[in-house]
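A.B. asks: The structure is given below, and queries will be raised subsequently.
Protein chains: 2
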Amino acid sequence: MQSDNPTAAILVIGDEILSGRTREGNAHHLAQVLTATGFDLQEIRVVSDDHDRIVAAIRALDGTLGGGYDLLFTSGGIGPTHDDITADAVAAAHGTTVEIHPEARALLQERCDRMGMALTENRLRMARIPVGATLIDNAVSAAPGFSIGATHVMAGVPEVFRGMVDWLIPRLPGGRPVRSLSVEVRRGESDVAEDLQAVAGEFSDLSLGSYPFRDDTGWGTNLVVRGLDAARVDQAMAALKERIGL
Amino acid sequence: MQSDNPTAAILVIGDEILSGRTREGNAHHLAQVLTATGFDLQEIRVVSDDHDRIVAAIRALDGTLGGGYDLLFTSGGIGPTHDDITADAVAAAHGTTVEIHPEARALLQERCDRMGMALTENRLRMARIPVGATLIDNAVSAAPGFSIGATHVMAGVPEVFRGMVDWLIPRLPGGRPVRSLSVEVRRGESDVAEDLQAVAGEFSDLSLGSYPFRDDTGWGTNLVVRGLDAARVDQAMAALKERIGL
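First to last, the protein sequences are chains A and B. Under my numbering, the first residue of the first sequence carries the number 6, and numbering increases by one thereafter. Under my numbering, the first residue of the second sequence carries the number 6, and numbering increases by one thereafter.
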């Protein structure tokens with residue numbers, strides 16, 4: 006698919022995904038938001054809670070560090086415990102250090118006061134932010150995310166991640182949303198391959214894909230047409246339906 | 006966590022994951038199987054249906070090509086349509102070409118005969134296998150996966166992927182399964198951070214993690230202890246429960 010939309014990657018940090026304990030959902034949510042708001046998500050990576058691996062991944066993905074993408078979003082590893090090492094790794098990748106951020110500290114202090122809790126040393130860990138970063142609002146539990154270079158660092162707890170996404174994405178310069186149309190046919194993928202390829206050749210500026218599935222009544226295929234030019238997407242879907250006889 | 010188990014990565018190939026249309030499930034399933042059978046999954050990547058990106062990812066991940074891991078498992082892109090380009094990309098990464106594999110052709114022919122279908126040119130695409138690869142059995146729909154170097158190529162349709170995993174994994178030399186114990190506490194992560202860190206320091210050969218969550222009754226945290234030495238994992242969990250007062 007031809008696109009001049011900003012490119013993006015997602016980096017998920019978490020042993021619990023790699024061990025199979027938790028099924029990842031934040032990247033899926035953000036993928037939907039990015040597609041709807043005109044960002045071109047091109048890669049997702051999941052790495053373990055390991056300093057060197059996180060640093061290497063950020064350098065490979067953050068365009069301001071010579072990495073591959075205009076924007077990088079991370080999920081996980083910014084809590085109060087010893088295994089929350091994302092802030093330090095992001096700082097290292099960006100050639101800076103971590104300090105207690107006054108505004109982040111004030112946000113945590115305010116929340117602790119409101120809930121009658123002490124701002125302990127562990128809670129204060131969540132105000133450790135790379136020098137030069139700006140904060141991402143956390144409407145759920147106060148401890149902020151942050152942005153530095155092209156890297157936008159968000160929490161792993163799904164409710165908090167979603168809140169941060171809701172705050173952050175409208176503040177980023179997006180592109181044109183992708184129009185996506187799909188049709189389900191009750192045939193195997195092989196039976197529609199030729200028609201699909203013919204239409205894909207005619208509409209080479211769009212992305213045409215086929216996704217086979219199996220359910221109780223046998224095999225079927227979802228045919229999907231995606232592109233930035235809504236009229237072209239509509240034309241391609243009409244051409245596809247006509248060829249297939251729908 | 007200390008481990009001399011074989012390391013592994015998963016590469017998911019599919020625009021439909023990156024667009025947010027489909028929530029990825031194959032990597033989650035395989036992560037659980039790998040953990041249970043003594044493989045150390047260290048990275049998951051999702052890339053688009055793009056030849057160069059697939060080739061680059063395979064080279065970065067397949068240990069026999071200078072990549073980072075002992076084993077690489079891929080999901081997706083081996084069907085009969087024009088956007089199924091995984092076999093060509095895997096061949097290119099491994100410095101070989103794709104040919105019709107006689108055994109794969111025979112499997113497809115047999116299935117077509119059984120179902121009264123013609124082995125069309127599109128269906129025959131699924132017998133295109135990199136030269137030098139061995140086949141992975143497909144109990145669901147005949148079209149095989151394949152293994153070359155450290156790369157094991159499987160289908161994206163979940164039922165077929167799972168069938169291939171069931172066939173393949175017992176044939177690979179695994180290591181020791183990870184023992185994992187978890188306990189849920191109805192406290193925020195900050196309130197258990199100190200105890201967790203103390204026990205993690207005592208049991209530095211194990212992996213101790215904390216995973217906060219929020220539900221209807223407020224915040225809680227899952228504490229997880231993982232390691233290869235089952236007795237040590239049991240000891241660490243007992244120590245953790247004692248410190249926290251459970």
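Heads up, the beta-carbon is just placed ideally off N, CA and C, and yes, glycines get one too.
1. Please check the pair residue 238/B and residue 211/B, which I expect to be a contact at CB under 8 Å, by giving their CB distance rounded to whole angstroms.
2. Let me check understanding here. Comparing Cα to Cα, which of 231/A, 154/A, 163/A and 218/A lies closest to residue 187/A?
3. State the DSSP-derived secondary structure class of residue 173/B, mapped to helix, strand or coil.
4. Just to confirm before moving on: does the CB-CB distance between residue 130/B and residue 85/B stay below 8 Å?
5. Which chain B residues are close to residue 111/A, counting only those with a beta carbon under 8 Å from its beta carbon?
6. Three or more C-beta pairs under 8 Å: does that hold for the segment 70-80 of chain B against the segment 138-157 of chain B?
7. Check each candidate in 220/B, 195/B, 243/B and 249/B and name the one with the smallest Cα separation from residue 88/A.
8. Please identify the residue among 191/A, 216/A and 217/A whose C-alpha is closest to the C-alpha of residue 251/A.
9. Closer than 7 Å by beta-carbon distance: list the chain A residues that pair up with residue 42/B, in chain order.
10. Any residues in the segment 76-92 of chain B with a beta carbon nearer than 9 Å to a beta carbon of chain A? Which ones, in chain order?
11. Taking only runs that begin and end inside the segment 31-77 of chain A, name each unbroken alpha helix (DSSP H) of 4 or more residues, in chain order.
12. For chain A, is any of its Cβ atoms less than 8 Å away from the one on residue 20/B?
13. My output table needs one value for residue 20/A: the three-state DSSP class, helix, strand or coil.
14. Please list the segments of the alpha helix (DSSP H) lying wholly inside the segment 90-172 of chain A, counting only runs of 4 or more residues, in order along the chain.
15. Using DSSP's beta-bridge definition, name the partner residues of residue 217/B.
16. Report yes or no: do the segment 9-17 of chain B and the segment 222-231 of chain A share at least 3 C-beta pairs separated by less than 8 Å?
17. How many whole angstroms separate the CB atoms of residue 216/A and residue 126/B, which I take to be in contact at a CB cut-off of 8 Å?
18. At a CB distance below 9 Å, what residues from the segment 211-224 of chain A approach chain B? Give them in sequence order.
19. Residue 193/B: buried (16+ other C-beta within 10 angstroms of its C-beta) or exposed?
20. Which value, in whole angstroms, describes the spacing of the CA atoms of residue 124/B and residue 132/B?
C.D. replies: According to the structure data:
1. What you label residue 238/B is simply residue 233 of the second sequence in a count that begins at 1. What you label residue 211/B is simply residue 206 of the second sequence in a count that begins at 1. At roughly 6 Å, the Cβ-Cβ gap stays under 8 Å, so residue 238/B and residue 211/B are in contact.
2. For this step, residue 187/A is matched to residue 182 along the first sequence. Residue 187/A has its Cα closest to that of 231/A, out of 231/A, 154/A, 163/A and 218/A.
3. Within the second sequence, numbered from 1, the residue matching residue 173/B stands at position 168. Residue 173/B falls in the helix class under three-state DSSP.
4. Working through the second sequence from its first residue, we reach residue 130/B at position 125. Working through the second sequence from its first residue, we reach residue 85/B at position 80. Yes. Within cutoff.
5. Within the first sequence, residue 111/A is the residue found at index 106, counting from 1. Near residue 111/A there are no residues of chain B at all, since even the closest Cβ is about 17 Å away, more than 8 Å.
6. yes
7. On the first sequence, position 83 is the one that residue 88/A refers to. Closest by alpha carbon: 195/B.
8. The residue labelled residue 251/A in the question sits at position 246 within the first sequence. When each option's Cα is compared against that of residue 251/A, the closest is 191/A.
9. Counting from 1 along the second sequence, the entry for residue 42/B is found at position 37. Correct list: empty, because the minimum Cβ distance to chain A is about 11 Å.
10. 84, 85, 86, 87, 88 and 89
11. 31-42 and 56-66
12. By one-based count along the second sequence, residue 20/B stands at place 15. Residue 20/B counts as touching chain A.
13. Here residue 20/A is taken as the residue at index 15 of the first sequence, counted from 1. Looking at residue 20/A - three-state DSSP - the assignment turns out to be helix.
14. 91-98, 107-120 and 126-129
15. Locating residue 217/B in the second sequence gives position 212, counting from the first residue. For residue 217/B, which the question treats as bridged, DSSP gives the partners 226/B.
16. no
17. Reading the first sequence from its first residue, position 211 is the one you call residue 216/A. Reading the second sequence from its first residue, position 121 is the one you call residue 126/B. That belief does not hold up - the Cβ atoms of residue 216/A and residue 126/B are roughly 21 Å apart, past 8 Å.
18. 212, 213, 214, 215, 216, 217, 218, 219 and 224
19. On the second sequence, position 188 is the one that residue 193/B refers to. By the 10 Å Cβ count, residue 193/B comes out buried.
20. As a first step, residue 124/B must be located in the second sequence, where it is residue number 119. As a first step, residue 132/B must be located in the second sequence, where it is residue number 127. Cα to Cα, the separation comes out at about 11 Å.
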